[in-house]
Every structure is written in C-alpha cells, then in structure tokens.
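Numbering (the numbering used here), first residue to last: 268 to 818.
Report on the structure given below.
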C-alpha cells in the first residue's frame, strides 16, 4: 500500500528518470530561435567551433545543448523533420550510455542523430549498428544528409567491400553497418600482421539499433572465420544413407541442445548396417578407430532430425543457405560448423563443400563489451532490463510517446487446430478486402507463410509474400503494406526497422512511376499528384479501421 502511495506521489522510477532531463530539454529549446536565424554556413561552422572547444579541454557534456540544437535545426533544413522533446530525451539517454526504449513509430532513427553527432565531435568515430545491409545503407543515406550538412563524413560498411574501402569508411566521423560486418572485420584485423593493413580503428562509441535482438537474442552467437580442412564428403554421403534405415527407437533427441545420440539399440543396429557396407574398422562403433565415423553419423542424425528445410535453411541455386532464426533472413556465406553443413548438403543431395576448421571466433556479447561506451535503441527492452544490466551494465529507460497511442490491441484468439486458425485468418482477410483495410499477417516461418500463400491463391485473393526467399524485394513489399486493400504475408524478418505508411509509400511510387519522365515540370506535377493520392488513400484507410496486423 505504501509503495502504491509513493508511486502516485513521486511517480515510477522510470518517470523520475525521464523528468530529470527536463532542464536539458529546456536548454535545447531555448537555443532553437537563435539557431533558426543562422545561415547554412554559420550553422555548419559550429561543428568546427565545438571541436576547438573540446581541444581546449571542454567537457563533451557541456556541448550537449548546442550540439543537439544544431542537429535539430539541420534535420529541419535537410529532412523537414524536427526532433520532439521526447526525442531529445531519447538522445540524452543514448549519449549517457543507456538503452532508450521507444515505441514503434516514435522515430528511433532520427533520435540517434543527436548523440551520434555529439560524440562524433571527438573525432574518434561513432558506429551505428543495424540488423541488415539494407537498413545500414538506407540510414547512412537518409540520416547522412544531416551529418554532411553539419560538415561531418559518413561511411557505410556492407558485404563485399574491399579492405581499402572498408578502411576509408571506418575513418569517417560516422559509420553505419551490421553487427556481422563489424564483428567479422574485427576478427580479420586480428589475423593481420601489421597495423597498416587493419581496417578498423580504436573503438569509441556504438549505438545498437534493435538492441534486444543483437545483444540478447544473438548474444551467444559466435562469429567464426574458418579455413579449409580435409575432404570428407564421401563419409558424409555414407552416413546419410544410414539414417533412413534407423527407427525412432534407435536415437534420442534433445530439443533444447539440438543434439541427437544413438541409443544402445541404435548403436547395435548401426554397427550391423555399417558392417554390411564394410565401413566399420573394428567391431565396436565407439572404438577409437571409428571415432570419425561416429562424428559423421551424429551430424547426419542432427541434419535429418533437428533441422527442417524452409525453416532452418533453404536450398537455393544448389546451395544450403542458413536462415537466421531471429530475423528469418537468409545468411549467404555463413555455414554451420563441425560438419553439420556438410551433413545438410548430403541430406539435400547438393554439392558437398569442404569442411572448415576454425581460425578465429568471437561472440556478439564479447565483441560489444569492448566498446568504452555503448548504448542501444529498441521498442522492446524492458522485459530484458535485468539481462542488460547484468551482462552489459546498461540501464533501460522507457521514453514516453510524443502523443497518446491510439492503437487497439485485441485479445488473442486460440483455435483447436491449424486448419481452423487458417480458415479464421482467411475469413478476416476477406472481410477486410470488402472495405479496403490493409492487412499484414505475421508468420514464424517460411513454411507457414507459404501455407497461407497457397490458401490465398486458391481463393484468388491478391497478396504479397515477404520471407527469406524474396529478401531482395523486402523494402518495396513492406513499404506498401499500408496501401488501400493490400494483403501482405511476412515472416518475422519484416518486423525490424522498416516503416509501414498508411496509404502506401509515396517515395517508392514516385520512383516507379516517374522513372521515364524527363521533363522537370511533368515530374513535379506527377509527384504532387501521387502524394495527393496517397494522402487521400490514407484517409480512406483510417475510415476502414487502419492497418490490421494478425500475428
């Protein structure tokens, strides 16, 4: 009772933290009219002035109000967007090395520009970590206009860049890239023999977007650089032919550890089958002479019993490609270790590539703990607050929304069978099509998205599918998921970092429809027409109930 009374009088701990930033927010707001009066050149010149003050011994924190005011004004002039007060608070939380939890649609990408600019004034480089190359390139170009307007350099690390270009990108004031690219560059640098050949410089400050996904869900995921080992492809094929002859009583499965082992009966059965093929080097399967054979059989068992095609991996162009369990995205170039990938290749009857041996390895957890200053953004961090504090010494602050949320969260519906569930989803989609309400259906695997795809096709309901098979089309598909009458099926890969705009994405429509128009006046008129149409559709969609998400 006393605790409830105290909370009503003084507010929650999070509310008290947020209120503590009020004076700094007021200081930034007081500078707004002054900075609005500056010319572009005068505003840009402030970057040099801030750096000069730091060189003379000024504390970085003392520059926060002016630096934030500079970024706010630059954003207004370049993007036509102004940081709200709650976004200023989000930026302050990030600058202090904490996690800023902001609701979907509250502008996390724009918020990050505030602490990034402030910390980049030190000249040591700031890293912004995203979950995929598309977002890294998008944000580097989109937010890069702010930094470049203020006289800073912007880099972007993407897959396939040669070392010379990587080094140049890392020496920018601000560098965007994925957690995989940053981590692998660190491993490769540690395998080089001279400082001059390394691409990264000393770590300073990193902001991790979708921080719960990278620092918690994938924290123990090892990044591994490996080299070729001996060719054992024949043994993988031999082990693979054995598995279909084993019964359910011949092996045990550990779902949690994702391992399989032969039972005593299974061992005897396997020994008999192997002896018939003249593969046993001694009578007992577990004798030292057969240790390699045991390894190959165990991996073949795992491949058949623990890994499912179109869920854990897909087969594309004759290759087994891993699907990221957290994002649903394909991971070309990444391979399972310890011979598992070769076992999957044998299972799928594709070319078996040579097994690799580990040369260098690090987990995301250990990599990000090397940054002297680390912060992150997400819409869902409070549930993992204890883990963030224990592992990374990062506090979570929940930032209030700029306006009260109007989204309606309905109760979950539970069905006895999958068929009943699919039928209910189809019925709801058909109902939405009558009014033009856009519908986004989230699935947990490629397999389920393809089941729904087939059902909708049979009903002749026009729709788009977004899963790991069609990664290249992701941005276009998800950007138009809010269009009038749109039906979109998406795996969980679509939930991170891509905005869905009611009425559709006007910019993509303009790119598509204006590509062949050369006359400037025609282009301007067509652009204005498209934006007006999108605005009109937005009103129709709101009247139909807005975007419906089923997941």
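By construction, the Cβ of each residue, glycine as well, lies at the ideal position given by its N, Cα and C atoms.
Since the structure is predicted, the reported quantities are computational estimates derived from the model, not experimental observations.
I'd like the list of long-range same chain contacts for residue 399, defined as Cβ closer than 7 Å, with 5 residues on each side in sequence excluded.
Taking the chain shown and counting its residues from 1, one reaches residue 399 at position 132. Within the same chain, residue 399 has close Cβ partners 445 and 596.
Can you grab the Cα-Cα spacing for the pair residue 396 / residue 476, in whole Å?
To locate residue 396, count along the chain shown from 1; it is residue 129. To locate residue 476, count along the chain shown from 1; it is residue 209. In a straight line, the C-alpha of residue 396 is about 6 Å away from that of residue 476.
Distance, residue 421 Cα to residue 443 Cα:
Sequence index remark: in the chain shown, residue 443 carries index 176 (1-based). Sequence index remark: in the chain shown, residue 421 carries index 154 (1-based). So the two alpha carbons sit approximately 8 Å from each other.
Can you tell me whether residue 502 is helix, strand or coil according to DSSP?
Here residue 502 is taken as the residue at index 235 of the chain shown, counted from 1. Correct three-state label for residue 502: helix.
Starting from residue 642 and walking both ways along the beta strand (DSSP E), at which residues does that stretch end?
Position 375 of the chain shown, counted from the first residue, corresponds to residue 642. Residue 642 -> beta strand (DSSP E) spans 640 to 645.
If residue 593 and residue 482 are in contact, beta carbons under 8 Å, what's the gap, nearest whole angstrom?
The residue you call residue 593 lines up with position 326 of the chain shown. The residue you call residue 482 lines up with position 215 of the chain shown. Not quite, the Cβ-Cβ distance comes to about 12 Å (not below 8 Å), so this is no contact.
Chain-order list of residues whose beta-carbon lies under 7 Å from that of residue 511 (same chain, five-residue window excluded)
Along the chain shown, read from residue 1 onward, the residue named residue 511 stands at position 244. Excluding positions up to five away in sequence, the list is empty.
Let's test the definition: count the other Cβ atoms within 10 Å of the Cβ of residue 222 and tell me whether it reaches 16, buried, or not, exposed.
With the chain represented from 268 up to 818, any question about residue 222 goes unanswered, as that position is not in the structure.
Taking C-alpha atoms, which residue in 374, 403, 404 and 359 lies nearest to residue 382?
Stepping through the chain shown from its first residue, residue 382 is reached at position 115. Of the listed residues, the one whose Cα sits closest to residue 382 is 359.
Give me, in chain order, the residues of the same chain whose beta-carbon lies closer than 8 Å to that of residue 784; leave out the 5 immediate sequence neighbours on both sides.
As a working note, residue 784 is residue 517 in the chain shown. 790 and 793, listed in sequence order.
CB of residue 335 within 9 Å of CB of residue 350, strictly
Looking up residue 335 in the chain shown gives position 68. Looking up residue 350 in the chain shown gives position 83. Closer than 9 Å, so yes.
Under a three-way DSSP split, which group does residue 359 fall into?
Within the chain shown, numbered from 1, the residue matching residue 359 stands at position 92. Helix.
Residue 822 bridges to which residues according to DSSP?
Since the first residue shown for the chain is 268 and the last is 818, residue 822 is missing from the structure and cannot be characterised.
Length of the line joining the Cα atoms of residue 670 and residue 352
Residue mapping note: residue 670 aligns to position 403 of the chain shown, counting from 1. Residue mapping note: residue 352 aligns to position 85 of the chain shown, counting from 1. Using only the alpha carbons, I get a separation of about 11 Å.
Taking the runs of the alpha helix (DSSP H) that are 4 residues or longer, which of them lie wholly in the region 428 to 479?
430 to 437 and 446 to 456
Less than 8 Å between the CB atoms is what I'm expecting for residue 425 and residue 391, so what's the real figure, rounded?
Within the chain shown, numbered from 1, the residue matching residue 425 stands at position 158. Within the chain shown, numbered from 1, the residue matching residue 391 stands at position 124. With a Cβ gap of about 22 Å, residue 425 and residue 391 do not count as contacting.
Same chain, Cβ closer than 7 Å to residue 699, neighbours up to 5 away in sequence not counted:
Translated into the one-based positions of the chain shown, residue 699 becomes position 432. Correct list, in chain order: 706 and 815.
Taking C-alpha atoms, which residue in 435, 436, 377 and 393 lies nearest to residue 413?
Along the chain shown, one-based indexing puts residue 413 at 146. The option with the nearest alpha carbon to residue 413 is 377.
Given this structure, state the Cα-to-Cα distance separating residue 416 from residue 385, to the nearest angstrom.
Here residue 416 refers to the residue found at position 149 of the chain shown. Here residue 385 refers to the residue found at position 118 of the chain shown. Near 14 Å, if we compare the C-alpha coordinates of residue 385 and residue 416.
Using 9 Å as the threshold, is the C-beta distance between residue 500 and residue 613 below it?
Taking the chain shown and counting its residues from 1, the one referred to as residue 500 is at position 233. Taking the chain shown and counting its residues from 1, the one referred to as residue 613 is at position 346. Yes. Within cutoff.
Report the three-state DSSP secondary structure of residue 682 (helix, strand or coil).
Within the chain shown, residue 682 is the residue found at index 415, counting from 1. Looking at residue 682 - three-state DSSP - the assignment turns out to be coil, as it is neither helix nor strand.
Look up residue 385 in the DSSP assignment and say whether it is helix, strand or coil.
Here residue 385 refers to the residue found at position 118 of the chain shown. Secondary structure at residue 385: helix, using DSSP grouped into helix, strand and coil.
Is residue 529 near residue 557, with beta carbons less than 9 Å apart?
As a working note, residue 529 is residue 262 in the chain shown. As a working note, residue 557 is residue 290 in the chain shown. Not a contact, by the Cβ cut-off of 9 Å.
Would you mind listing the beta strand (DSSP E) stretches within the region 534 to 612 that are 3+ residues and don't spill past its ends, in chain order?
580 to 583 and 586 to 589
Given residue 805, which residues of its chain have a CB within under 6 Å of its CB, disregarding the five upstream and five downstream residues?
For the purposes of this step, residue 805 is taken as residue 538 along the chain shown, with counting starting at 1. The residues are 769 and 770.
Residue nearest to residue 631 in terms of C-alpha spacing, selected from 478, 657 and 303:
Along the chain shown, read from residue 1 onward, the residue named residue 631 stands at position 364. When each option's Cα is compared against that of residue 631, the closest is 478.
Using 9 Å as the threshold, is the C-beta distance between residue 332 and residue 472 below it?
If you number the chain shown from 1, residue 332 lands on position 65. If you number the chain shown from 1, residue 472 lands on position 205. Cβ atoms of residue 332 and residue 472: not closer than 9 Å.
So for residue 801, helix, strand or coil by DSSP?
Translated into positions along the chain shown, residue 801 becomes position 534. In the three-state reduction of the DSSP assignment, residue 801 falls in the helix class.
Taking the straight line between their C-alpha atoms, what separation do you get for residue 466 and residue 537?
Here residue 466 refers to the residue found at position 199 when the chain shown is read from its first residue. Here residue 537 refers to the residue found at position 270 when the chain shown is read from its first residue. C-alpha separation (whole angstroms): 50 Å.
Mapping the DSSP letters down to three states, classify residue 310 as helix, strand or coil.
Here residue 310 refers to the residue found at position 43 when the chain shown is read from its first residue. Correct three-state label for residue 310: helix.
Segments of 4+ residues assigned as alpha helix (DSSP H) that fall wholly inside the region 283 to 333:
289 to 297, 299 to 303 and 307 to 322
Is residue 379 closer than 9 Å to residue 492 when the C-beta atoms are compared?
By one-based count along the chain shown, residue 492 stands at place 225. By one-based count along the chain shown, residue 379 stands at place 112. No, the Cβ-Cβ distance between residue 492 and residue 379 is not below 9 Å.
Considering only the alpha carbon of each residue, which of 672, 673 and 688 lies closest to residue 679?
For the purposes of this step, residue 679 is taken as residue 412 along the chain shown, with counting starting at 1. With distances taken between CA atoms, residue 679 lies nearest to 688 out of 672, 673 and 688.
Count the other CB atoms within 10 Å of the CB of residue 544; is the residue buried (16 or more) or exposed (fewer)?
What you label residue 544 is simply residue 277 of the chain shown in a count that begins at 1. Per the 10 Å Cβ criterion, exposed.
Going by the CB atoms, is the gap between residue 295 and residue 339 shorter than 9 Å?
The residue labelled residue 339 in the question sits at position 72 within the chain shown. The residue labelled residue 295 in the question sits at position 28 within the chain shown. Taking 9 Å as the Cβ cut-off, residue 339 and residue 295 qualify as a contacting pair.
What is the residue span of the alpha helix (DSSP H) that residue 731 lies within?
Residue 731 sits at position 464 when you count from the first residue of the chain shown. Here residue 731 belongs to no alpha helix (DSSP H); instead the beta strand (DSSP E) covers 731 to 733.
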